[in-house]
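Shown next, in structure tokens, is the structure this report addresses.
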Amino acid sequence: MSEILVLVEQVEGEVKKVTLELLTLARSLGTPSAVWAGPGITPEAKARLAEYGAEKIYLAPSSDIVEYVVAPKAELLAQLVTAKSPAAVLVAATSEGKEIAGRLAVKTDSGVITDAVGLSDGFVADQSIFGGGVNVHSKVRKGTPIVAVRPNSTAPEAAAGAGAEEEVAVTLSDTAKAAKVVERVKQEKGARPELTEAAIVVSGGRGVGSAENFSIIEGLADALGAAVGASRAATDAGWYPHQFQVGQTGKTVSPQLYIAAGISGAIQHRAGMQTAKTIVAINKDPEAPIFELADYGVVGDLHQVVPQLTEEINKRK
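Take the sequence shown: its position 89, counted from the start at 1, is 137 in our numbering, and no numbers get skipped.
Structural data, given as structure tokens:
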């Protein structure tokens with residue numbers, strides 16, 4: 049089967065879930081090869097990549113790759129595309145990933161597709177546009193298909209690969225070194241799971257009413273061991289930080305359970321959570337659009353329903 053390059057997303061040597069999703073997706077279309085950009089790979093990371101199907105792991109341990117902004121990773125991938133002639137290149141549709149995809153497309157004179165939510169034979173990409181109201185199919189017509197895939201759009205499935213290592217020497221141009229990273233500030237990680245990787249997400253919307261009332265949402269999330277999310281209306285009102293916004297202009301989540309409290313269900317929000325396995329909606333408006341999407345719905349005031357739900361969950365622990 050044809051080789052497919054997958055750019056590894058990692059933090060301090062820990063492979064992120066989106067990489068496992070990309071390997072799973074690549075495995076359905078060809079032979080996945082993981083690309084580790086920069087130093088710091090660990091035996092645990094290698095084992096993780098092989099566990100999810102990486103037949104080959106390209107290692108580019110040069111520290112220059114991570115000391116400059118974005119461009120070195122694009123040059124690394126471009127050199128691999130020239131040397132290995134892969135069938136496609138998959139990256140995560142994060143802000144950095146999409147920039148890498150665009151730069152790589154220019155360097156390899158190839159077509160690029162961003163925000164794909166699926167791939168089928170022939171590298172035909174599924175895309176959800178206009179806030180999730182329209183689904184389209186797209187295909188690269190020139191060069192090597194470069195596809196940025198949304199996190200949480202594929203369920204990761206383990207399937208052992210050989211994980212054969214091959215070190216790659218990358219030559220960076222002066223242009224790639226134009227923007228240097230001068231400082232990194234580590235964000236303190238809270239006790240709750242990361243929003244985009246959580247198995248359970250509890251989100252609050254306009255119905256929460258205030259920043260103070262978000263403690264109700266946090267209480268339920270903590271009882272369930274869940275991440276906290278928010279609608280655009282709630283973040284725009286300043287009730288919750290923007291990095292927790294779920295939706296088309298926020299983050300895309302695909303948990304096993306998504307609880308939407310006080311969220312009407314506008315298309316913008318649905319685009320970021322509609323692939324959740326089970327959706328529970330709590331809203332006092334029985335005509336709220338969120339109920340069209342929900343598997344289970346509770347018509348009631350969240351300020352009464354959510355505390356009662358939290359209390360019952362805590363009783364059963």
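The beta carbon of each residue, even a glycine, is placed where N, CA and C say it ideally should be.
What is the C-beta distance between residue i and residue j, in whole angstroms, given that I count them as a contact (C-beta under 8 Å)?
i                 : j             : result
alanine 136       : threonine 192 : 6 Å
leucine 167       : leucine 125   : With 8 Å as the limit, leucine 167 and leucine 125 do not qualify as a contact, their Cβ atoms being about 18 Å apart.
alanine 282       : arginine 254  : 6 Å
proline 303       : alanine 271   : Not confirmed; about 16 Å, so no contact.
glutamate 103     : alanine 210   : 5 Å
phenylalanine 262 : glycine 277   : Not confirmed; about 11 Å, so no contact.
What is the DSSP secondary structure of residue i, counted as helix, strand or coil?
i              : result
proline 80     : strand
isoleucine 311 : coil
leucine 305    : strand
lysine 65      : helix
glutamine 413  : The first residue shown for the chain is 49 and the last is 365, placing residue 413 beyond what the model contains.
serine 263     : helix
glutamate 103  : coil
threonine 326  : strand
isoleucine 89  : coil
glycine 118    : Reading off the sequence shown, one finds valine at residue 118, where the question assumed glycine. DSSP places valine 118 in coil when its eight states are reduced to three.
glycine 277    : strand
alanine 135    : coil
leucine 331    : A small correction: the amino acid at residue 331 is asparagine; leucine does not occupy that position in the sequence shown. DSSP places asparagine 331 in strand when its eight states are reduced to three.
valine 59      : strand
lysine 155     : helix
serine 143     : helix
Do residue j and residue i count as a contact pair if the criterion is CB distance below 8 Å?
i              : j              : result
valine 250     : alanine 329    : no
histidine 317  : serine 258     : no
isoleucine 265 : histidine 351  : no
glycine 86     : alanine 108    : yes
glycine 313    : threonine 300  : no
isoleucine 105 : lysine 94      : yes
glutamate 57   : threonine 67   : yes
leucine 55     : valine 154     : no
valine 347     : proline 355    : no
aspartate 349  : lysine 365     : no
isoleucine 161 : serine 143     : no
alanine 149    : isoleucine 177 : no
Note down, in chain order, each residue of its chain lying with its Cβ closer than 6 Å to the Cβ of residue i, except the 5 sequence neighbours on either side.
i            : result
leucine 305  : Ile248 and Thr326
proline 80   : Ile52, Val54, Leu71, Ala74, Gly101 and Ala102
glutamate 69 : Thr202 and Pro204
alanine 212  : Lys104
valine 63    : Ala93 and Arg96
valine 188   : Gly159
Just to confirm my understanding: we take residue i, look at its own chain, exclude 5 residues before and 5 after, and list those with CB closer than 7 Å. What are they?
i             : result
lysine 65     : Pro204 and Glu245
aspartate 163 : Ala141, Gln175, Ala196 and Arg198
glycine 273   : Ile248
leucine 357   : Leu268
Cα separation between residue i and residue j?
i              : j              : result
glutamine 322  : glycine 88     : 36 Å
glycine 286    : glycine 267    : 19 Å
alanine 269    : alanine 217    : 46 Å
threonine 130  : alanine 224    : 18 Å
serine 221     : glutamine 127  : 12 Å
valine 172     : asparagine 362 : 46 Å
glutamate 242  : glycine 159    : 32 Å
aspartate 284  : proline 337    : 20 Å
leucine 53     : glutamate 123  : 14 Å
valine 184     : threonine 156  : 25 Å
alanine 275    : isoleucine 307 : 10 Å
glutamate 231  : valine 114     : 12 Å
serine 50      : proline 134    : 7 Å
isoleucine 311 : glycine 252    : 6 Å
valine 229     : glycine 145    : 17 Å
lysine 132     : valine 353     : 57 Å
lysine 190     : glutamate 260  : 53 Å
glutamate 147  : leucine 341    : 33 Å
aspartate 112  : threonine 297  : 32 Å
Which residues in the same chain as residue i place their Cβ atom closer than 8 Å to its Cβ, once the five residues preceding and following it in sequence are excluded?
i             : result
alanine 208   : Ala98, Glu99 and Gly101
tyrosine 344  : Thr326, Ile327, Val328 and Ala329
valine 226    : The sequence given here places alanine at residue 226; valine does not occur at that position. These residues qualify, in order along the chain: Tyr116 and Ala119.
aspartate 169 : Leu77
glutamate 359 : none
Please tell me whether, using a cut-off of 7 Å, the distance from the CB of residue i to the nearest non-hydrogen atom of the ligand SAH is below it.
i             : result
threonine 192 : As presented, the structure is devoid of all ligands, the ligand SAH included, so that no description of it is given.
Step through the CB atoms of chain C and report whether any lies within less than 8 Å of the CB of residue i.
i             : result
glutamine 316 : Of the chains in the structure shown, none is chain C; there is only one protein chain.
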